Amino acid sequence: MDQTARRITDDHKLLGRNVMFKCHRKNAEGKAVIFFAHLMRWLFILTLVSFGCSSMALAESRVVKIGVYENSPKVFTDESGRPSGIFVDIIKYIASKEDWELQYVAGTWAEGLERLEKGQIDLMPDVALTAEREKKFSFHKIQVLSSWFQAYARKGSGLQSILDLNGKRVAILDQSVQQEAFTRFSRGFGLDTKLVAVADYKTMFEMVAKGEVDAAVANQFYGSMHARKYDLVDTAIVFEPSALFFAAPKNQSQELLDAIDKHLDFLKKNTKSAYYATLKKWTSEEVRFKLPVWLQILGLITGIVLLMSLGGSVILKYQVNARTRELQKINAEMEGRIIERTAELALAMEKAQSADRLKSAFLATMSHELRTPLNSIIGFTGILLQRLGGPLNDEQDKQLKMVYNSAKHLLSLINDVLDISKIEAEQLNVVSETFSLRETVEKVMVHPVDAYFFC
């Protein structure tokens, strides 16, 4: 009995312990579930906050205000009213890489510079770097383009050299670097020109076409693209080569300028980049490194002259040989037709002499045409040697003098060829002039004349 009672009591105690253990275990499991639920909720909240902040950061792009004016093909507004051109294509490419949002502000050239100086825009394209502008604006280091200015006039105006602009009305872009450069350039030759400041190139070319001004000064990009539209021609008046940049307000937007330099450095090193693609698009030139136009024209003319001279000689030789064979055949067959053969020979000789005179006349004309590009070379290098385009170092001065002297020598040779052709064409006028015998002798002697004759 007692043993049975103790066994029952022990069983009840063991059952009680099991019940208490299960209760504690359930409580612990419940607390763990609650803790894990709180932990997951906080992790979810933190994830949402982090994602929201990242989305806001990604959504906030840098707004960059760009000035736009009319100077096709470098920068202009197309028919649909959208900004376009070389500078616009380049800044669009950079903006896509830097996550910039571009806002364009249209206006005239003068308005764009004024807005830039007041800090109303962040960048102004197509700005030539000068000492005066460097005081007002900030520039990046790698140039976007290089250009120069050229005078354009109506066909038949007779304007070919800077001296022809004396007393003429010349349209020029208001508040541009060309205004100061042309004033300095014309004064260097002692000219009295009336400058007419105009707001844009389109109006300038229209004024020339209507005869309101005698000539217009524009950059070579705009001139080569639009001169034919207004029936204008380019002259040999070329001056002020310049480098073109994006400009920013003084001591502002340096991070924009640094980004432009970074991408220009990359783009210019790759001839298949977007930079060269936009140059080809707007100028039909794959790369900028090519022979100057005047040198291409000179080479073409020289090649044509040589080919025509060679062809004329071959044809003439063939004709003479043919006539000679005919005369030999006639002489062998019919000795009695000496008079007729003599007449035919005289006719052949007359044709040969006529062909020779035509060749001389042609050579004289072509020699004259070769002078025009040579005079441009001599004039332009002379301007550079006068330091009108800026200071030169010793090496540049030496090289320019070599170009100048070589051009003068070539011009002298062409003049001699022209004189010879005039002699053959019986067109040379002989004029007697006095000269210094002393100076002539000194030019051909190694030692001064005084050492031998004037001691």
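Take the sequence shown: its letters are residues 6 to 460, numbered as in the working numbering. Backbone N, C-alpha and C define an ideal beta-carbon position, used for all residues, glycine too. Quick caveat, the model's predicted, so the values are computed rather than measured.
Selected residue, minimal CA-CA separation from residue 105, among 288, 350, 264 = 264
State yes or no: is the C-beta of residue 378 within less than 7 Å of the C-beta of residue 303?
-> yes
If we ignore side chains and look at the alpha-carbon of each, how far apart do residue 334 and residue 327 end up?
-> 11 Å
Would you tell me roughly how many angstroms separate the C-alpha atoms of residue 189 and residue 393, rounded to the nearest one?
-> 8 Å
Where does residue 239 fall in DSSP's three states?
-> strand
Between the CA atoms of residue 229 and residue 222 - distance to the nearest angstrom = 12 Å
Take every Cβ of the stretch 255-274, pair it with every Cβ of the stretch 316-323, and state whether three or more of those distances are shorter than 8 Å.
-> no
According to the Cβ coordinates, are residue 145 and residue 249 closer than 7 Å?
-> no
Closest to residue 178 by CA distance: which of 212, 172, 192 is it?
-> 212
Identify the continuous alpha helix (DSSP H) that holds residue 95 and give its terminal residues.
-> 91-103
Between which two residues does the alpha helix (DSSP H) containing residue 152 stretch?
-> No alpha helix (DSSP H) holds residue 152; the beta strand (DSSP E) holding it covers 150-159.
Do the CB positions of residue 214 and residue 156 come within less than 7 Å of each other?
-> no
Please confirm if the stretch 264-278 is in contact with the stretch 338-353, defined as three or more CB-CB distances below 8 Å between the two stretches.
-> no
Measure the Cβ-Cβ separation of residue 74 and residue 117 and say whether it is below 7 Å.
-> yes
Residue from 150, 161, 182, 169 whose Cα sits closest to the Cα of residue 137 = The option with the nearest alpha carbon to residue 137 is 182.
Identity of the residue in 109, 150, 280, 174 nearest residue 199 by Cα | Closest by alpha carbon: 174.
Which residue or residues does DSSP assign as beta-bridge partners of residue 70?
-> 108
Just to confirm, are residue 390 and residue 405 a CB contact at a threshold of 7 Å?
-> yes
Can you tell me the Cα-Cα spacing of residue 122 and residue 70, whole angstroms?
-> 13 Å
Whole angstroms is fine: what's the gap from residue 385's alpha carbon to residue 353's?
-> 49 Å
Pull up the CB-CB distance for residue 167 and residue 242, whole angstroms please, since I reckon it's below 8 Å.
-> 5 Å
Contacting residues, own chain, Cβ-Cβ under 6 Å from residue 130 (five flanking each side not counted) | Closer than 6 Å at the Cβ level, and outside the excluded window around residue 130, lie 80, 92, 251.
Would DSSP call residue 217 helix, strand or coil?
-> It is coil, neither helix nor strand.
DSSP three-state assignment for residue 252, whether helix, strand or coil | strand
Out of 339, 88, 253, 150, state which residue places its alpha-carbon closest to the alpha-carbon of residue 288.
-> 150
Roughly how many angstroms lie between the CA atoms of residue 84 and residue 165, to the nearest whole one?
-> 35 Å
Top-ranked residue by Cα proximity to residue 112, from 72, 413, 226, 312 | 72
How is residue 84 classed by DSSP in three states: helix, strand or coil?
-> coil
Any idea if residue 226 is buried or exposed, counting beta-carbon neighbours within 10 angstroms, 16 or more meaning buried?
-> buried
Can you name, in chain order, every residue of its own chain whose Cβ lies under 7 Å from the Cβ of residue 141, other than the five neighbours on each side?
-> 122, 255
Can you name the start and end residues of the alpha helix (DSSP H) that residue 264 belongs to?
-> 259-273
Drop a sphere of 10 angstroms on the beta-carbon of residue 440, count the other beta-carbons inside from all chains shown, and report buried for 16 or more, exposed for fewer.
-> exposed
Whose C-alpha, out of 330, 338, 324, 311, is nearest the C-alpha of residue 358?
-> For residue 358, the nearest C-alpha among the options comes from 324.
Start-to-end residues for the alpha helix (DSSP H) that takes in residue 229 | 225-231
Beta carbon of residue 197 nearer than 7 Å to that of residue 163 | no
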